[in-house]
Ligand code: GDP
Ligand code: MG
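Numbering (full-length UniProt numbering), first residue to last: 2 to 164.
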C-alpha cells in the first residue's frame, strides 16, 4: 500500500486549501464504513516520483472552543494511527496558540515523523514569521502560502524525505 500523509491542525489554518493544491483532481471516493468518521477526505499525491495517499482532517464545522479542541484532538489521534508522516499545520497570522501546543504534545508522544507547515506566509519578505514555531520541537518549520501556492514544493521535499 502507498504511504499515508495526514494533515493535522486547528480549524482554519488552511489544511483543506493545501490538501486541494497537493491532490489537484485526485480526490479518492471512500465508501462509508461503520464506525469511521466521515470527517476526513482522502486523495493521492506524487512528488519526485514518490506516490502517497494524503488525508485532510477536520472537515466538519463545529462551534465552541471545547468542541473544537475535542475534535482537533480526535483528528490528531486518528492521524497518528494511520499516517506514516504527519504534516502539522499552523497559522503564521494567528501565531502560536495553546491548541497548537496541545496537538504538538500528542504528536510528539506518537514518535511518528512530523513536518511543521506554517501556512499564510503570504509575503516572502516576512518569512521570519516561521521562527516562533521552532518551539514546537519538530525541527525546521516550513513557510507556505495556500493563497499563493508558495513553499509547497519545499514542504513536499521534507515530507517525501521522511516517507
Ligand atoms: P482548514 O479549516 O484548516 O481546512 O482551513 P481552510 O483551508 O478551510 O482555510 C481557512 C481560511 O484560511 C480560508 O478562508 C482560506 O481561504 C484561508 N487561507 C488558506 N490558506 C491561506 C493563505 O495561505 N493565506 C491566507 N491569507 N489565507 C489562507
Ligand atoms: Mg478543512
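A virtual CB, placed ideally from N, CA and C, is assigned to each residue, including glycine.
Predicted, not measured: the structure shown is a model, and the values here were computed from it.
For residue 127, count neighbouring Cβ atoms within 10 angstroms of its own Cβ and tell me buried if that reaches 16, exposed if not. Your numbering for residue 127 matches position 126 in the chain shown. Looking at its Cβ environment, which holds fewer than 16 other Cβ atoms inside 10 Å, residue 127 is exposed.
Residues that residue 178 bridges to, as DSSP identifies them: Outside the modelled stretch of the chain, which goes from 2 to 164, sits residue 178, for which no answer is possible.
Cβ pair count under 8 Å reaching 3, the stretch 10-28 against the stretch 80-97: yes
What number of angstroms, rounded off, separates the C-alpha of residue 98 from the C-alpha of residue 79? If you number the chain shown from 1, residue 98 lands on position 97. If you number the chain shown from 1, residue 79 lands on position 78. Each residue's alpha carbon lies about 21 Å from the other.
Pull up the CB-CB distance for residue 45 and residue 27, whole angstroms please, since I reckon it's below 8 Å. In the chain shown, counting from the first residue as 1, residue 45 sits at position 44. In the chain shown, counting from the first residue as 1, residue 27 sits at position 26. Yes, they are in contact, since the Cβ atoms of residue 45 and residue 27 sit about 5 Å apart, within 8 Å.
Let me know the alpha helix (DSSP H) ranges lying completely inside the stretch 51-112, each 4 residues or longer, listed in chain order. 66-83 and 99-111
How big is the Cα-Cα spacing for residue 3 and residue 164? Your numbering for residue 3 matches position 2 in the chain shown. Your numbering for residue 164 matches position 163 in the chain shown. Their Cα atoms are separated by approximately 10 Å.
Among the residues of its own chain, which have a CB less than 6 Å from the CB of residue 137, if the five just before and after it don't count? In the chain shown, residue 137 corresponds to position 136, counting from 1. Counting only Cβ-Cβ distances below 6 Å, and skipping sequence neighbours, we find 105 and 117.
Can you tell me whether residue 109 is buried or exposed, with buried defined as 16 or more other CB within 10 angstroms of its CB? What you label residue 109 is simply residue 108 of the chain shown in a count that begins at 1. That one is exposed.
Between the Cα of residue 53 and the Cα atoms of 149, 103 and 86, which residue gives the shortest distance? Counting from 1 along the chain shown, the entry for residue 53 is found at position 52. If we check each option's Cα against that of residue 53, 86 comes out closest.
Whether residue 143 touches residue 155 by CB criterion (9 Å): In the chain shown, residue 143 corresponds to position 142, counting from 1. In the chain shown, residue 155 corresponds to position 154, counting from 1. In contact: residue 143 and residue 155 (Cβ atoms closer than 9 Å).
Need the endpoints of the alpha helix (DSSP H) that residue 159 sits in, please. Within the chain shown, the letter at position 158 stands for residue 159. Where residue 159 is concerned, the enclosing alpha helix (DSSP H) stretches over 153-163.
Should residue 59 be counted as a contact of the ligand MG given a C-beta to heavy atom distance under 8 Å? For this step, residue 59 is matched to residue 58 along the chain shown. Yes, the Cβ of residue 59 comes within 8 Å of a heavy atom of the ligand MG.
Cβ of residue 161 within 9 Å of Cβ of residue 49? Here residue 161 corresponds to residue number 160 of the chain shown, with the count starting at 1. Here residue 49 corresponds to residue number 48 of the chain shown, with the count starting at 1. In this structure, residue 49 lies closer than 9 Å to residue 161 by Cβ.
May I ask whether a heavy atom of the ligand GDP can be found less than 8 Å away from the beta carbon of residue 105? Sequence index remark: in the chain shown, residue 105 carries index 104 (1-based). No, since every heavy atom of the ligand GDP falls outside the 8 Å radius drawn around the Cβ of residue 105.
Locate the beta strand (DSSP E) running through residue 45, then write down its first and last residues. Counting from one through the chain shown, the residue named residue 45 turns up at place 44. Start and end: 41-48.
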